[in-house]
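Scroll down for the structure; my scribbles are underneath it.
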Amino acid sequence: MSPLPTDTPIKEVIQAAFDTSLPISGGWGYRQDDATILEANSDNTPLTQLEHMLASMRAYLEMNLTVEESKRYGSINLNEKSRKQHQDNGKVWDEVVYTLTAMKESDYAMFIEEYKEGYGKETFDMQAHFARRKEATLTQELTYWFDVTHIS
Numbered sequence: 129m130s131p132l133p134t135d136t137p138i139k140e141v142i143q144a145a146f147d148t149s150l151p152i153s154g155g156w157g158y159r160q161d162d163a164t165i166l167e168a169n170s171d172n173t174p175l176t177q178l179e180h181m182l183a184s185m186r187a188y189l190e191m192n193l194t195v196e197e198s199k200r201y202g203s204i205n206l207n208e209k210s211r212k213q214h215q216d217n218g219k220v221w222d223e224v225v226y227t228l229t230a231m232k233e234s235d236y237a238m239f240i241e242e243y244k245e246g247y248g249k250e251t252f253d254m255q256a257h258f259a260r261r262k263e264a265t266l267t268q269e270l271t272y273w274f275d276v277t278h279i280s
């Protein structure tokens, strides 16, 4: 995955890609000095949920929306692995590590079709099917930095 470009404000990219307006600014959260700034939480969404949503959006942009069709991933899921809070000179950051799983869209479509065709048939080896799906799944860690100074 390549880092997302920073020539367009993150708020505008998210609005255009996901039709969602969020009170955010800053960068894509690859490093502490590029943290996504959470400016407010007016709808009282739990902070961890808001952070997860932003990390999922970044992953989807990196792995699907900004790459050519043959290299796109789908079935992108993130699960929080760890988090640390850092404070310095009145600023507060959350450093969150997620475990990311995803599968090439073409592989995923093939597995879904195979499952639909084979389910319920004696010749369908469900254990082998899911073992191949697991083998075809990309698993990696993703770190995201959030500046939560304004909502901590």
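The numbering used here puts the first residue of the sequence shown at 129, with every later residue one more than the last.
Note that beta-carbon positions come from the ideal geometry of N, C-alpha and C, so glycine has one too.
- In this structure, DSSP gives residue 279 a state outside helix and strand, which the three-state scheme calls coil.
- Judged by beta-carbon spacing, residue 187 lies within the 8 Å limit of residue 270, meaning their Cβ atoms are closer than that value.
- Boundaries of the beta strand (DSSP E) around residue 206: 201–216.
- DSSP, reduced to helix, strand and coil, places residue 141 within a helical segment of the structure shown.
- Residue 136: not part of any beta strand (DSSP E); DSSP gives it neither H nor E.
- Judged by DSSP in its simplified three-state form, residue 262 adopts helix.
- By the 16-neighbour rule on beta-carbons within 10 angstroms, residue 248 is exposed.
- Across the structure, residue 262 and residue 239 are spaced so that their CA atoms are roughly 11 Å apart.
- Pairing residue 258 with residue 268, the inter-Cα distance amounts to about 19 Å.
- For residue 150, the CB contacts under 7 Å within the same chain, skipping 5 residues up- and downstream, are 139, 142 in chain order.
- The secondary-structure analysis by DSSP pairs residue 230 across a beta bridge with 266.
- For residue 279, the CB contacts under 6 Å within the same chain, skipping 5 residues up- and downstream, are 166, 169 in chain order.
- Setting aside the 5 residues that flank it on each side, residue 277 is surrounded in the same chain by 219, 220, each with a C-beta closer than 6 Å to its C-beta; the list follows chain order.
- The bridge partners DSSP lists for residue 273 are 223.
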